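> Numbered by our numbering, the letters in the sequence shown go through residues 44 to 237 in order. Virtual Cβ for every residue (Gly too), placed ideally from N, Cα, C. Keep in mind the model is a prediction, meaning the values are calculated, not measured.
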Amino acid sequence: MTTSPNVPLPGKEDLAATLNMLSARWGWFVALGAVLVVLGALASIYVLSATLVSVLYVGILMLIAGAGQLVHAWRVKNWSGFLFWSASGLLYAGAGALAIANPSAGAALLTLLLGATLIASGALRLWLWFNNRSQSGWQWIALSGLITLAAGVLIAAGWPGNSLWVLGLLLAIDLFFQGWTLVFLGFALRRRRQ
C-alpha cells in the first residue's frame, strides 16, 4: 500500500492528540521523575535496606500468586492439571513465605538466580552472534553478550557475599535512571507545548 505525501497516515492525528494531552501534564512527569531520582539516591545510600525491601516485595507477590494458583487449582479439581496447579501454587506460596520469613536467604537465592540468568542470556547472545557473525552490525550483539556474561560471572563469583547489596544497587540504579528519563520526558513535553 502506497500513500501520497499529502495523505496523513492513519493514527497520526491520534498521536498528536495524545502528545498534546501529555504536554498539558508535563509537570507530573517531572514531579514523578524527581521522586524516583530521590528514591534511587536513598536506595543507593541504604543498599542493604533496599535489597531487603525488594526481597520482601517479591516474597509478598509470590505468596499472593501461590494463593491464587491454589484457589484456581481447587476450583478446577476435575481438570487433569489439578496436581500441577496445586504443586505450583504450594511452591510459589512456600518460596514467598520463606522470602518473607528470611529476607537475607531470599536475597541470596534471588542474587544467584540473577547471576545465572545473566550468564545464560550472555551466552545465548554470543551464540547468536557466532552463528550470524558475517552479517553487518552483529558485533553489537557480541558486545552486549560479553557485557551481560561478564556481569553474570561477576555476580556469581561474588555470591553469597554480594547478595545483600547487589539487588539493592540494581534497584537504586533502575530508580535513578527511570527518574531522570521521566524528568527529561517532562521537559521535552513542556518544550513541545510552548
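Looking at A144: is its Cβ nearer than 8 Å to the Cβ of P203?
Taking 8 Å as the Cβ cut-off, A144 and P203 do not qualify as a contacting pair.
> Using three-state DSSP, classify W223 as helix, strand or coil.
Helix, per DSSP.
> Are the Cβ atoms of S66 and R235 separated by less than 8 Å?
It is a contact, given that the beta carbons lie within the stated cut-off.
> How many angstroms separate the CA atom of I107 from the CA atom of L157?
Looking at the two C-alpha atoms, the distance is approximately 22 Å.
> Examine the Cβ distances between the region 58 to 65 and the region 104 to 122 and report whether three or more of them are shorter than 8 Å.
Judged by Cβ distances under 8 Å, the region 58 to 65 makes no contact with the region 104 to 122, as fewer than three pairs qualify.
> Give me the Cα-Cα distance between S129 and S164, rounded to the nearest whole angstrom.
Approximately 30 Å between the Cα atoms of the pair.
> Excluding the 5 residues flanking M44 on each side, which residues of the same chain have their C-beta closer than 7 Å to its C-beta?
Because the pLDDT of M44 is 48, which lies under 50, any placement of that residue in the model is unreliable, and the question is left without a value.
> Going by C-alpha to C-alpha distance, which of I184, V114 and S206 sits closest to L95?
Comparing Cα-Cα distances from L95 to each of I184, V114 and S206, the minimum goes to S206.
> Do you know how far the Cα of V73 is from the Cα of G137?
Distance between the alpha carbons of G137 and V73 is about 40 Å.
> On the criterion of 16 or more Cβ atoms from any shown chain inside 10 Å, does M64 qualify as buried, or is it exposed?
Counting Cβ neighbours within 10 Å, M64 comes out exposed, since fewer than 16 surround it.
> So, A84 versus L214, is the Cβ gap smaller than 8 Å?
No, the pair does not count as a contact, with Cβ atoms beyond the cut-off.
> Smallest Cα separation from V98: which of A77, T154, G229 and T224?
Cα-wise, what sits closest to V98 is T154.
> With C-beta atoms as the reference, is L225 less than 8 Å away from L82?
No, the pair does not count as a contact, with Cβ atoms beyond the cut-off.
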